[in-house]
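Asker: Numbered according to our numbering, the sequence shown spans residues 165 to 431. Here a beta-carbon is modelled for each residue, glycine too, at the ideal position from N, C-alpha and C. Because the structure is a prediction, the values reported are computed rather than measured. I have a structure here, written as structure tokens, and I will follow up with some questions on it.
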Amino acid sequence: MRLWSTAREVEPGGGFVPTMGALHEGHLSLIRAAKTECGRATVSIFVNPLQFGAGEDLARYPRPIERDLERAEAAGADAIFAPTAEEMFPGDPTRIVVPGVSEQWEGERRPGHFEGVATVVAKLFGIARPERAYFGRKDLQQCAVISKMVGDLSMPVRLRIMPTVRESDGLALSSRNAYLSDEERLRAPLLHSQIEAAARAIEGGESPRSATDRAAASLVAEGFEADYVAAVRDADLLEARGDESGISVIAAARLGATRLIDNVPIR
Ligand code: AMP
């Protein structure tokens, strides 16, 4: 496996998996898909300062680089691009704003987050020039933001959105799960079980508002601080009527100091 730290070393093409490292089975599923579908998989590991807000976890975000290299190679990665912040963003970078889809939900709670995501992904696409790029459905709004950016800017890349990988108790894998205390870890799967229950109720004909309000109230009763629970259209994150196809329940909630997000398809 090759290890590149500067843009000029990167060999373009193939499948590309952008990550912030602390690789888990969710990331590895994307690497395996890229390798299988494209024959060659490039993985970027970059904790992007532009997508963290003031008071967020940029400084304490886990960075286990040696273990990441081993895991990426075992999953089939041919090359890792692990640049420094100075390499990626010297000075005051040009930024990409994706209107509409960036504005609600995560965008509202994390001002500037999706501008940071779109900017780094656009730059990484320019460096890696992949045929296909792989993203996890776990970050559903991120997928919609990047899809709109790629469409609006006619970027020559095909996006592949892969299913969420979960622990056996339903908790979506996330690098941030490492922040949970043992006691919080036991309660954390309730986020998934509550949005799954809401999704099945909406599928069965209940109104999105009543089903998602009930899920939010149950989470609060279990000690979560719920930021939002909502039924939305996957493509643009606008609130769903409930009877469309391509809709999901999305949620974000805080458990102690850890903010968790998740989503499940309704249909
Ligand atoms: P991150 O390192 O958090 O920026 O994530 C890198 C990529 O992995 C993004 O496309 C995420 O959506 C994806 N990802 C994160 N967690 C999971 C998961 N549990 N299952 C599938 N993909 C995931």
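(1) Looking at the strands, I want to know which residues DSSP matches up with P429.
(2) What's the gap between the Cα of A380 and the Cα of L167?
(3) In angstroms, rounded to a whole number, what distance separates the CA positions of E370 and R405?
(4) Using the C-alpha atoms, what's the distance from E272 back to N427?
(5) For A395, list the residues DSSP reports as bridge partners.
(6) Using the three-state DSSP reduction, which class does F253 fall into: helix, strand or coil?
(7) Just to check my reading of the structure: G179 and Y298 have Cβ atoms closer than 8 Å, yes? What is that Cβ distance to the nearest angstrom?
(8) Would you kindly report the start and end of the unbroken beta strand (DSSP E) that includes G300?
(9) For L401, which beta-bridge partners are listed by DSSP?
(10) Within 10 angstroms of its Cβ, does T170 collect 16 or more other Cβ (buried), or is it exposed?
(11) Could you tell me the alpha carbon to alpha carbon distance between T248 and A365, rounded to whole angstroms?
(12) Taking DSSP as the reference, what is the three-state secondary structure of A363?
(13) Applying the criterion that 16 or more other CB atoms from any shown protein chain within 10 Å of the CB defines a buried residue, is A218 buried or exposed?
(14) Comparing alpha-carbon positions, which option in S193, V284 and M326 lies nearest P213?
(15) Let me know the secondary structure DSSP gives A380 once reduced to three states.
(16) With a threshold of 7 Å (Cβ to nearest heavy atom), would T183 be considered close to the ligand AMP?
(17) From the DSSP output, read off the bridge partner residues of M313.
(18) Tell me whether the beta-carbon of G240 lies closer than 8 Å to the beta-carbon of I195.
(19) Helix, strand or coil for P182, going by three-state DSSP, please let me know.
(20) For V284, which of helix, strand or coil comes out of DSSP?
(21) Hey, quick one: how far does the alpha helix (DSSP H) through R204 stretch, first residue to last?
(22) By the 10 Å Cβ neighbour count, where 16 or more other Cβ atoms means buried, how is D242 classified, buried or exposed?
(23) According to DSSP, simplified to helix, strand and coil, what is I229?
(24) Can you find the residues in the same chain that come closer than 7 Å, C-beta to C-beta, to G276, ignoring five residues on each side of it along the sequence?
Answerer: Let me spell this out:
(1) When beta bridges are read from the DSSP output, P429 appears opposite S412.
(2) About 44 Å.
(3) Annotation: E370 to R405 spans about 10 Å, alpha carbon to alpha carbon.
(4) The alpha-carbon atoms of N427 and E272 are separated by roughly 17 Å.
(5) Assignment of beta-bridge partners to A395 by DSSP yields V413.
(6) Three-state result, F253: coil.
(7) Indeed, because the Cβ distance is near 6 Å, the residues count as touching under 8 Å.
(8) First-last of the beta strand (DSSP E) with G300: R296 to G300.
(9) Answer by DSSP bridge pairing: none, since L401 is not bridged.
(10) Taking all protein chains shown into account, T170 has fewer than 16 neighbouring C-beta atoms within 10 Å of its C-beta and is therefore exposed.
(11) Spanning the two alpha carbons is a distance of roughly 46 Å.
(12) Helix.
(13) Label assigned to A218: exposed.
(14) Across the set S193, V284 and M326, the C-alpha of V284 shows the shortest separation from the C-alpha of P213.
(15) A380: helix per DSSP, three-state reduction.
(16) It does: the Cβ of T183 is within 7 Å (strictly closer) of some heavy atom of the ligand AMP.
(17) Bridge partners of M313: none, in fact.
(18) Yes, the Cβ-Cβ distance between G240 and I195 is below 8 Å.
(19) P182 falls in the strand class under three-state DSSP.
(20) Correct three-state label for V284: helix.
(21) Going by DSSP, R204 is part of no alpha helix (DSSP H) at all; its letter is neither H nor E.
(22) D242 sits buried, since 16 or more C-beta atoms from the chains shown fall within 10 Å of its C-beta.
(23) Assignment of I229 by DSSP, reduced to helix, strand and coil, places it in the helix class.
(24) Counting only residues of its own chain and dropping the five nearest sequence neighbours on each side, G276 has a CB closer than 7 Å to the CB of G217.
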